[in-house]
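Visitor: Okay, handing you the structure first.
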Amino acid sequence: MFQYYLDLAARSLRRNKALTALMVLAIALGIGASITTLTVLHVLSGDPLPGRSGVIYYPQIDPQDLRGMSPSKEPPSQLTLIDGMNLLHAARADRQALMKGGEVPIQPEQSALDPFYVDARYTTADFFAMFGTPFRFGHAWSAADDEAKARQVVISRDLDEKLFGGANSVGRTLRISGTAFQIVGVLDHWQPNPHFYDLNTGSYAAGEQVFLPLQTMIDLHLSRDGSNDCWGNGGGGTDTLLPADTCVWLQFWVQLDSPAKVEAYRQFLVHYSQEQKALGRFQRPPNVRLRSLMQWLDYNGVVPDDVRLQTWLAFGFLAVCLVNTVGLMLAKFMRRAGELGVRRALGASRRSLFAQLLVEAGVVGLVGGVGGAVLALGGLWLVRQRSSDYASLAHLDPSMLLTTFVLALGATLLAGLLPAWRACQVAPALQLKSH
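Sequential numbering of the sequence shown, starting at 1, is according to the UniProt record's numbering.
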C-alpha cells in the first residue's frame, strides 16, 4: 500500500510542477537556514571530552584582599603560583594538573627549516591521563620529572610530521628557546573544542604543539600567554618574569570520580582557605567554587550570544516557510477535491486518503531536505570564511546531516496535517454532483 501511495504522490507532484517547486523551495530555504545555524550551535556547545567531562572539575578559591570587594563576589578564575603548587602537592583529587599557556621558538635540526614559533602548554604530569590525550608514540613525563624540572617534552602529531616526517621521534632532541629537550611522547590528533582547559587563550583556540613541565618553564623563564590578574601592590610580571604572589595566572583542573569525592574536595577547598586565612595570606572568608567542566563552560558563556540569537531567528524563518507551505499544500489538495470525492465514493476511507496525502507531503519534505542540505553546506562554507576563532569548525557531520532530513520530514508532515484533514472532509456527494 505504501508503494501505491508513493506512486500516487509522484504523479500528483508531477502534475503541477510549479506548485511543487514552490513547496520544495520553501522547505529547502527554511531547513537550510535552520541547519546552518543549528550546526554552528551544535559544534560550539558540544562536549569537548565525551565520556570524561562528568568527572573533570575546575576549583576556585579567593586569595584577594578586602578592598573594594563584595562578600558575594565570584572568586578569581585562576590561581596564584603558591596556591596552585599547594593544591597540586596536596594531591586530594584522583588526578590534578596545574598549567599555563605560552609560545616558544623551535630551532629545527634540519638546515632547510628556519626557526619558528609554536603554541605551548606548560603543565604537570596528570594532564595527559586526566584529559585522555591519545599518544601516537611514547608517553607522558612523570610526577618525578615535574619536581626535577626535567628537560622533557611531548609534541603534537603535526609538529612531529613537520620536523621528523611523521616518524617515531621519541628519544630525539628538540631545541626550544635555546635549550635541548628530549622528546618523550608524540600525541595523535587531539584538539578538544571548546578549548576548555584555558579559555584565556581563546574559547576555540588551536591546539598546542608542545607540552612542557610547568616547573621547567618557571626555571627557564619561558614566554607565557594569557591573563594575569593582580591586586594590592602586586605586579603582573613581564613576558618571562613571573607575576607577584598577589597575582592569579594559573589554571588548575582536577579529576573526581564520585559525588562523594566532589563534596570532600569542596570541603578541602574551604579548609584550605581557612588555613591560609589563619596564616595571614587570605583576608576574606572562604569563598570557593567547584564547577564541572560543562558547568565551567556555561558559566563563562563560551557559546557566543549572537550564535544563539541567529539560531532562534533561523527557526523563526523556518516557521514562516512552513506557514507558506501549509497554504500551498491546502491549495494543491483542495484543487483535487473532485478526485478525492470520486475515490471516497468508490470506497476509499478517509483514513486511507489522509495517509496518502501525508505521504505526498513527506515526499515534498524529503526533496526539500535534499535542497536544505545543499543550502546548509553552502551556508557553512560562508561561515568558514569569517574571521572568528570558531569559523573553521563549521562542518556538517553525519549526526547533523541526519537531523536535516528528520527535521525536513517532520516539519513537512506537520505542515501537511491541516491541508490533508481539510481535503478529507469534502463530501463525496457534492463532488460527484458537481461533475
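Glycine included, C-beta positions come from ideal geometry on N, C-alpha and C. Quantities reported herein were computed from a predicted structural model and do not represent experimental measurements.
#1: Okay, do the stretch 18-25 and the stretch 305-315 touch, 3+ Cβ pairs below 8 Å being the bar?
#2: For the stretch 161-187, list the alpha helix (DSSP H) runs that are entirely contained and at least 4 residues long, ordered along the chain.
#3: Return the first residue and the last residue of the alpha helix (DSSP H) that TYR117 is part of.
#4: Assuming ILE56 is part of the beta strand (DSSP E), what are its boundary residues?
#5: Between TYR204 and the rest of its own chain, which residues show a CB-CB distance below 7 Å, the 5 nearest in sequence each way excluded?
#6: Work out the CA separation of GLN78 and ARG67 for me, nearest whole Å.
#7: Taking C-beta to C-beta, are ILE155 and ILE183 nearer than 8 Å?
#8: Could you pull out every residue in the same chain whose Cβ sits closer than 7 Å to the Cβ of THR404, ignoring the five residues on either side in sequence?
#9: Please tell me whether VAL170 and PHE127 are closer than 8 Å, where the distance is taken between their beta carbons.
#10: Using a 10 Å radius around the Cβ and a threshold of 16 neighbouring Cβ atoms, would you call ASP83 buried or exposed?
#11: Between SER387 and ILE61, which are expected to be in contact by the criterion C-beta below 8 Å, what is the C-beta distance as a whole number of angstroms?
#12: Give the DSSP-derived three-state secondary structure of ALA150 in the structure shown.
#13: For the putative contact between VAL153 and VAL118, defined by C-beta atoms under 8 Å, what is the C-beta separation to the nearest angstrom?
#14: Would you say ALA408 and LEU366 are within 8 Å of each other, going by their C-beta atoms?
#15: Taking DSSP as the reference, what is the three-state secondary structure of ARG284?
#16: What number of angstroms, rounded off, separates the C-alpha of LEU214 from the C-alpha of VAL43?
#17: Taking 8 Å as the threshold (C-beta atoms), are GLY185 and ALA140 in contact?
#18: Excluding sequence positions up to five away, which residues of its chain have a Cβ less than 6 Å from the Cβ of SER70?
#19: Output the boundary residues of the beta strand (DSSP E) element that contains PRO134.
#20: Once you ignore the five residues that flank LEU401 on each side, which residues in its own chain have a CB closer than 7 Å to its CB?
#21: Starting from VAL262, trace the beta strand (DSSP E) in both directions and tell me its first and last residue.
#22: Could you pull the DSSP bridge partners for LEU104 from this structure?
#23: Spatial neighbours of THR179 within its chain, please: CB distance less than 7 Å, with the 5 preceding and 5 following residues excluded, ordered by chain position.
#24: What's the C-alpha gap between PHE135 and PRO75?
#25: Take every Cβ of the stretch 95-113, pair it with every Cβ of the stretch 312-323, and state whether three or more of those distances are shorter than 8 Å.
#26: Residue range of the beta strand (DSSP E) that TRP253 falls in?
#27: Please report how far the alpha carbon of TRP231 lies from the alpha carbon of PHE181, in whole angstroms.
#28: For VAL270 versus PRO286, is the C-beta spacing smaller than 8 Å?
#29: Do you know offhand how far ASP160's Cα is from GLY166's?
#30: Just to confirm my understanding: we take THR173, look at its own chain, exclude 5 residues before and 5 after, and list those with CB closer than 6 Å. What are they?
#31: For GLY416, which residues of its own chain have a beta-carbon under 6 Å away from its beta-carbon, when the five flanking residues on both sides are left out?
#32: Pull up the CB-CB distance for LEU199 and VAL40, whole angstroms please, since I reckon it's below 8 Å.
#33: Rank HIS395, GLY54, ALA129, TRP421 by C-alpha distance to the C-alpha of SER352 and give the top, closest one.
#34: Give every residue of the same chain whose Cβ lies closer than 8 Å to the Cβ of GLU147, excluding the five residues on either side of it in the sequence, and list them in chain order.
#35: Just the Cα atoms here: how many angstroms apart are ASP225 and THR201?
#36: Reducing DSSP to helix, strand and coil, say where ARG291 ends up.
Guide: Let me lay it out:
#1: no
#2: none
#3: No alpha helix (DSSP H) contains TYR117, which is instead part of the beta strand (DSSP E) from 116-123.
#4: 56-60
#5: ASN193, PRO194, HIS195, ASP389, TYR390, LEU393
#6: 19 Å
#7: yes
#8: ILE31, ILE35, GLY369, GLY372, ALA373, ALA376
#9: no
#10: buried
#11: Rounded, the Cβ-Cβ distance is 37 Å, inconsistent with contact.
#12: coil
#13: 11 Å between Cβ atoms; not a contact.
#14: yes
#15: coil
#16: 31 Å
#17: yes
#18: Legend: pLDDT at SER70 = 49, less than 50; position of this residue unreliable, no value from coordinates given.
#19: It is not in any beta strand (DSSP E) - PRO134 carries neither H nor E in the DSSP assignment.
#20: ALA373
#21: From DSSP, VAL262 is part of no beta strand (DSSP E) but of the alpha helix (DSSP H) over 259-278.
#22: It should be noted that the sequence gives Val, not Leu, for residue 104. Answer by DSSP bridge pairing, in chain order: VAL118.
#23: ARG151, LEU220
#24: 35 Å
#25: no
#26: 251-255
#27: 36 Å
#28: yes
#29: 5 Å
#30: ALA180
#31: MET329, LEU358, ALA361
#32: Contact doesn't hold; Cβ gap of about 19 Å is too wide.
#33: TRP421
#34: GLN215
#35: 7 Å
#36: strand
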